[in-house]
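Chemist: Residues in the sequence shown are numbered from -16 upward in steps of one, following the numbering used here.
Just so it is clear, CB atoms sit at the ideal spot from N, CA and C, and this is done for glycine as well.
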Amino acid sequence: MYRLYSRVLLWISEACYALITLIIVCFLAISCFALLEQAVRTAPHSWTNNWDAVTIGATYCLVLLLSVAFCTKRRIAVRRRLQRISKTHSGINKNDLPMPVHEYISQEFARSCLISYECQPRETTHTGWGIPGTEHGGTHFRRGLLDTIADINARAHLVIPNLPCLKPHSRMIHHFRFILPLLPKDDEGLTSLHYYDSAVQLARTLTREPTQGEFTLGLRAADEIRRM
-16 MYRLYSRVLL WISEACYALI TLIIVCFLAI SCFALLEQAV RTAPHSWTNN WDAVTIGATY
44 CLVLLLSVAF CTKRRIAVRR RLQRISKTHS GINKNDLPMP VHEYISQEFA RSCLISYECQ
104 PRETTHTGWG IPGTEHGGTH FRRGLLDTIA DINARAHLVI PNLPCLKPHS RMIHHFRFIL
164 PLLPKDDEGL TSLHYYDSAV QLARTLTREP TQGEFTLGLR AADEIRRM
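Here it is as structure tokens:
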């Protein structure tokens, strides 16, 4: 919409410029013709040795050439100046504005950076969220565990194309039962799918937020299933 509006404005501007130029040319031509007619009528020998008509014609030709040269020079200068404008974003240099203004902007920018740095949380913990500065900093444990279901389901369909569609509240141990024989068992006879199912059920059903240990256990089990 904006590009169409800009094009319409450009067309209107060019049409107005052409109309004004045409009107000026018409008036100049009329005045030139009137002066030439008067010079011919007042001359004793009509066109023969009529230096007034020659002078008028030469003057109008000179005016026409100077006008065309001036307009051409102006359009070339404007086009060159516009081409020197960078189309990509560039930072403000010291030479682009007065020094006091540049120093004020630099001080405000440094103050804003310092304030944003000091406002970052440090040594604080929120239930169900990773500790800032650690591997899982800023991660919501419940959402992070539940987001792995879609990825594992897509990978399981690559292994078993006829795998049933995932239902919203299906147990992981039941939905992925067809890939259970492909997973190795630990000393207790449990696979990574059992641990993953337990972690997902905790994230789905518990009223409290999952702990970092539960999230780490479920995420490790999900990674092992992905490497299947």
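Pick helix, strand or coil for lysine 56, following the three-state DSSP scheme.
Modeler: Looking at lysine 56 - three-state DSSP - the assignment turns out to be helix.
Chemist: In terms of alpha-carbon separation, which member of Gly120, Pro115, Met155 and His119 lies closest to aspartate 134?
Modeler: When only C-alpha atoms are compared, the closest one is Met155.
Chemist: Can you give me the C-alpha to C-alpha distance between cysteine 15 and arginine 63, rounded to a whole angstrom?
Modeler: Rounded to the nearest angstrom, the two C-alpha atoms are 35 angstroms apart.
Chemist: Taking the runs of the alpha helix (DSSP H) that are 4 residues or longer, which of them lie wholly in the stretch 74 to 144?
Modeler: Listed in chain order, the complete alpha helix (DSSP H) runs (minimum 4 residues) inside the stretch 74 to 144 are 82 to 101 and 124 to 142.
Chemist: Would you check if the stretch 140 to 155 and the stretch 191 to 199 touch, i.e. whether three or more CB-CB distances between them fall below 8 angstroms?
Modeler: Counting Cβ pairs under 8 angstroms, fewer than three are found: no touch.
Chemist: Contact defined as beta carbons within less than 8 angstroms: I believe tyrosine 143 pairs with methionine 211. What is the distance between those atoms, to the nearest angstrom?
Modeler: Tyrosine is not the amino acid found at residue 143; the sequence shown has isoleucine there. Not a contact, Cβ separation roughly 11 angstroms.
Chemist: Skipping 5 residues on each side, what residues in its chain have a beta carbon closer than 8 angstroms to that of arginine 187?
Modeler: Closer than 8 angstroms at Cβ, skipping near neighbours: Leu129 and His152.
Chemist: How about glycine 120 and glycine 113: are their beta carbons less than 7 angstroms apart?
Modeler: Yes, the Cβ-Cβ distance between glycine 120 and glycine 113 is below 7 angstroms.
Chemist: Do glycine 196 and alanine 182 have their beta-carbon atoms positioned less than 7 angstroms apart in this structure?
Modeler: No, the Cβ-Cβ distance between alanine 182 and glycine 196 is not below 7 angstroms.
Chemist: Any idea if leucine 185 is buried or exposed, counting beta-carbon neighbours within 10 angstroms, 16 or more meaning buried?
Modeler: Classification for leucine 185: buried.
Chemist: Taking the C-alpha atoms as reference points, what is the distance between arginine 138 and threonine 122?
Modeler: Those two C-alpha atoms are separated by around 23 angstroms.
Chemist: How would you label aspartate 170, buried or exposed, when you count the other beta carbons within 10 angstroms and need 16 or more for buried?
Modeler: Exposed, by the Cβ-count rule.
Chemist: Is threonine 131 near alanine 205, with beta carbons less than 7 angstroms apart?
Modeler: Cβ distance < 7 angstroms, so threonine 131 and alanine 205 count as in contact.
Chemist: Between tyrosine 179 and the rest of its own chain, which residues show a CB-CB distance below 7 angstroms, the 5 nearest in sequence each way excluded?
Modeler: Once the five neighbours on either side are set aside, the close Cβ partners of tyrosine 179 are Met155, Gly201, Ala204, Ala205 and Ile208.
Chemist: Span of the alpha helix (DSSP H) holding leucine 200?
Modeler: Run containing leucine 200: 195 to 209, per the alpha helix (DSSP H) assignment.
Chemist: Using DSSP's beta-bridge definition, name the partner residues of threonine 174.
Modeler: Beta-bridge pairing links threonine 174 to Lys168.
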